[in-house]
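Reviewing the structure listed below.
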Amino acid sequence: DAGVIQSPRHEVTEMGQEVTLRCKPISGHDYLFWYRQTMMRGLELLIYFNNNVPIDDSGMPEDRFSAKMPNASFSTLKIQPSEPRDSAVYFCASSLFWASQPYNEQFFGPGTRLTVL
Amino acid sequence: AQSVAQPEDQVNVAEGNPLTVKCTYSVSGNPYLFWYVQYPNRGLQFLLKYITGDNLVKGSYGFEAEFNKSQTSFHLKKPSALVSDSALYFCAVRVITGAGSYQLTFGKGTKLSVIP
Numbered sequence: 025d026a027g028v029i030q031s032p033r034h035e036v037t038e039m040g041q042e043v044t045l046r047c048k049p050i051s052g053h054d055y056l057f058w059y060r061q062t063m064m065r066g067l068e069l070l071i072y073f074n075n076n077v078p079i080d081d082s083g084m085p086e087d088r089f090s091a092k093m094p095n096a097s098f099s100t101l102k103i104q105p106s107e108p109r110d111s112a113v114y115f116c117a118s119s120l121f122w123a124s125q126p127y128n129e130q131f132f133g134p135g136t137r138l139t140v141l
Numbered sequence: 003a004q005s006v007a008q009p010e011d012q013v014n015v016a017e018g019n020p021l022t023v024k025c026t027y028s029v030s031g032n033p034y035l036f037w038y039v040q041y042p043n044r045g046l047q048f049l050l051k052y053i054t055g056d057n058l059v060k061g062s063y064g065f066e067a068e069f070n071k072s073q074t075s076f077h078l079k080k081p082s083a084l085v086s087d088s089a090l091y092f093c094a095v096r097v098i099t100g101a102g103s104y105q106l107t108f109g110k111g112t113k114l115s116v117i118p
C-alpha cells in the first residue's frame, strides 16, 4: 500500500483565497483524522470521520474551516477565506478500528505545508 | 479527561549513551498508549504501543518503552542513541468517546537531539 496520500505537499496562497487540502486514506481503513501542527500550538485534532461520517468537529477553529468525506477513499479540508494565522502543516491520518482490537495505531500522511501571505 | 504529558520540551544526549523520553498519563480504565516519531518535514510515524501484558514493549528502530502503572508513566528508551534518532517524539493515549468512537490524544512532543 502507498500509505496515506496528501496533496498538495506545499501551498502558498494569499489572504482571502480559498484553499483545499486533499487526503486519500489507506484502503480499508474506516477512520480518518485531520490534524494541524504549529510551533505555538503543537499538534491539534481538527475533525475525524468514521465510515465517512463526521464524528467530532469540535477542533475546527472557525466556520471558515470545513471538511468532507464523500467516499471511503477521499477527504478534503477547505479553508475559505484563508488568513495568515492558518499557516501551518496539516496532516491527514487513517486507521482501522476493530471492536475486538480497539487499539490500532494511526498512519499519518506526509502533510501539507500551508502558507497564507 | 484522559491525557498524556511530556514534561520535557527538549532532551539532549550524547551519541552512544542511553536515552529516555518521558511520558506520564491520566486515564480512567486500562490505558492504551502509543509512541510516535516525527522527522523533519515528515509525518508522524508509529514506533510502538502498549495494550496489555509485558510492561516492556519493544518497537521499531531499537526503541522500547516501559509501562509503569504505579507511576502512571510510559517512558521511551533506547540503550544506545544514534545521531539519526534526532527527531520530535510524541506520546499518545487512546480515548474512547461517549459515542463509542475513538481518537488519540497526543502530548506536546519532546525534541530529542543526539550529539555526535
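Chains as they are written, first to last, in this note's numbering: chain A, 25 to 141; chain B, 3 to 118.
Virtual Cβ for every residue (Gly too), placed ideally from N, Cα, C.
Margin query: Give me the chain B residues within the contact set of TYR72 of chain A, using Cβ-Cβ distance strictly less than 7 Å, ordered along the chain.
Written below: GLN105
- [ ] Anything in chain B within Cβ reach of GLN130 of chain A, meaning under 7 Å, just list it in chain order.
- [x] LEU106
Which runs of the beta strand (DSSP E), 3 residues or longer, sit entirely within the stretch 40-112 of chain A?
43-48, 55-62, 66-74, 77-80, 89-95, 98-103
Practice item. Could you check what DSSP says for TYR142 of chain A in three-state terms: helix, strand or coil? Key: Any answer about residue 142 of chain A is impossible in this case: the structure gives chain A only from 25 up to 141.
From the beta carbon of PHE121 of chain A, is the nearest beta carbon of chain B less than 8 Å away? yes
Opposing strand residues paired with THR136 of chain A [DSSP bridges]
A:TYR114
| request: Using 10 angstroms around the beta-carbon of ALA94 of chain B, count the other beta-carbons present and answer buried if the total reaches 16, otherwise exposed. | output: buried
**Q.** GLU86 of chain A versus VAL113 of chain A - alpha carbon distance
**A.** 17 Å
Q | Residue interval of the beta strand (DSSP E) (run including ALA3 of chain B) | A | Looking at the DSSP string, ALA3 of chain B is not in any beta strand (DSSP E), and its letter there is neither H nor E.
Checklist line | PRO49 of chain A at chain B interface by Cβ criterion, 8 Å | finding: no
Below-8 Å beta-carbon distance, PRO134 of chain A vs any chain B residue:
yes
Below 6 Å CB to CB, which residues in the same chain sit around PHE108 of chain B once its five sequence neighbours on both sides are set aside?
PHE92, ALA94
Requested in this report: Report the three-state DSSP secondary structure of VAL85 of chain B (helix, strand or coil).
Outcome: helix
Note to self: Can you tell me whether PRO49 of chain A is buried or exposed? The criterion is at least 16 other CB atoms within 10 Å of its CB, across all chains shown.
What the structure shows: buried
Check: Going straight from the alpha carbon of ARG23 of chain A to that of ALA91 of chain A, what length do you get?
Finding: Past the edges of chain A, shown from 25 to 141, lies residue 23 of chain A, and the structure says nothing about it.
task = For the stretch 8-18 of chain B and the stretch 64-75 of chain B, state whether three or more C-beta atom pairs, one from each stretch, are separated by less than 8 Å.
result = no
Note to self: By the three-class DSSP mapping on this structure, what secondary structure does SER31 of chain A have?
What the structure shows: strand
Distance between SER106 of chain A and GLN41 of chain A (C-alpha atoms, nearest Å): 6 Å
| said: Using the Cβ count rule (16 or more neighbours within 10 Å means buried), how would you classify VAL85 of chain B? | reply: exposed
Where does SER28 of chain B fall in DSSP's three states?
strand
- Return yes when the Cβ of HIS53 of chain A is within less than 8 Å of the Cβ of LEU120 of chain A, no when it is not. yes
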